[in-house]
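A short write-up of the structure that comes next.
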Amino acid sequence: QELQSAFLEKWLVMDTYYFGLDRFLSTLDWHVGYIPKQTLAVGMMWNRDGLTQENLIARFHAIDKAGVDWINMFMLPIDDIFLPFLLRWKTYCGGCGEQR
1 QELQSAFLEK
11 WLVMDTYYFG
21 LDRFLSTLDW
31 HVGYIPKQTL
41 AVGMMWNRDG
51 LTQENLIARF
61 HAIDKAGVDW
71 INMFMLPIDD
81 IFLPFLLRWK
91 TYCGGCGEQR
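For reference, each letter of the sequence shown is one residue, going 1 to 100 in my numbering.
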């Protein structure tokens, strides 16, 4: 009964940080369909095999288009390949197109 009346601030899904892009997109779509966006938090891990720049572009694009506003990172510190994507996502692409 206490759980039913509890306020849930964030629901962190952890099945989005492994496997390939197709599984990530499918899982993200499912969670977006069943969990309110203001509650949904997507787990990501930067050091998994097969995570290319193109793959990161697709993942962050999907997260942005889904309207998810929370990402949790696993395995800190975060590699340099991931940081520009996190910054652009968090700032709604503030500074995109500028040389850094």
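Here a beta-carbon is modelled for each residue, glycine too, at the ideal position from N, C-alpha and C.
Shortest alpha-carbon distance to residue 91 belongs to which of 71, 75 and 80? Closest in alpha carbon position to residue 91, among 71, 75 and 80, is 71.
Identify, in the order they occur along the chain, each residue of the same chain with its Cβ nearer than 8 Å to the Cβ of residue 63, setting aside the five sequence neighbours on each side. 28, 42, 71 and 89
Whole angstroms are fine: how far does the CA of residue 39 sit from the CA of residue 8? 7 Å
Run through the DSSP bridge pairs and tell me what residue 33 is partnered with. Residue 33 pairs with nothing; no bridge assigned.
Taking residue 127 as the reference, give the member of 78, 32 and 84 with the closest Cα. Residue coverage of the chain in this structure runs from 1 to 100, which leaves residue 127 outside it and unanswerable.
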